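Worksheet: the structure to be examined is printed underneath.
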Amino acid sequence: MRKTFAQIEETRLAAGQADSGGALRKVAVCAVVANPYAGRGYVEDLSGLIEASHLVGTFLGEEAQRLLGAPVESYGKAGLVGTAGEQEHINAALTSVFGNAFRDAIGGGEAWITSTTKIAAPGAVIDVPLAYKDEVWVRSHYDALEVRIPDAPLPDELVVIAAVANRGRINARVGGMTVAEARAQVSG
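Numbering of the sequence shown is given in my numbering, commencing with residue 12 and proceeding in unit increments.
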């Protein structure tokens, strides 16, 4: 791991209006790691990245939870791969091995973790999608967090990103399943 990078965004008003849920706090934590498959062309077996992703998922989840300073309500993941790699390399680093470790580190989560990946040069921007951690159909929590690391990924690197939020969008009002209904499904 060459470096870590974290960002915290806190929003208090949307369209000049607050709601009863308090501030929306979003945290992204990134690990910039060497890509062992960079420059090697097509490699069939990417299990080395998949297996190592457990440690990265645990670390990023614990750090994201610490920086959020509140219970996690939504989460997402994303990744960038440097130009000497291929998109499949960063996808290998974000499989269910990573996802399960990330979930465990933040105190659970039942829903599929939204994600996005791309090949990029240093300074590229990626939007990390967010969704409610226990039920992907809770529309109030559909959101994203923009992440940019000025000096990563280098051509032979991966940037693995975990993001969390303490609540859904401020003034969310597009209907659908509520957090209370989702919690009742999980506990019932």
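Just so it is clear, CB atoms sit at the ideal spot from N, CA and C, and this is done for glycine as well. Here the structure is a predicted model, which means the values were calculated and not measured.
Exercise. Would you list the one or two residues that DSSP bridges to E168?
Key: Partner(s): A45.
Exercise. For T94, collect the residues of the same chain with a Cβ closer than 7 Å to its Cβ; drop the 5 residues on either side in sequence, then sort them by chain order.
Key: Taken in chain order, the residues that qualify are I130, A132 and P166.
Practice problem: Using only alpha-carbon positions, find the residue among R51, K37, Y86 and T22 that is nearest to A142. | Solution: Comparing Cα-Cα distances from A142 to each of R51, K37, Y86 and T22, the minimum goes to Y86.
Exercise. For D162, count neighbouring Cβ atoms within 10 angstroms of its own Cβ and tell me buried if that reaches 16, exposed if not.
Key: When all chains shown are included, D162 counts as exposed.
Quiz item: Beta-carbon of G27 versus every beta-carbon of chain C: anything under 8 Å?
Solution: Structure shown: chain C not included; a single protein chain is present.
Quiz item: Using the C-alpha atoms, what's the distance from F113 back to A173?
Solution: If you draw a straight line from the Cα of A173 to the Cα of F113, it is about 8 Å long.
Self-check item: Exposed unless 16 or more other CB atoms sit within 10 angstroms - verdict on K88
Solution: With 16 or more Cβ atoms within 10 Å of its Cβ, K88 is classed as buried.
Quiz prompt | Span of the alpha helix (DSSP H) around I61 | solution = That run of the alpha helix (DSSP H) goes S58 to L79.
Self-check item: Under the three-state DSSP convention, the category E146 falls into
Solution: Three-state DSSP puts E146 in coil, outside helix and strand.
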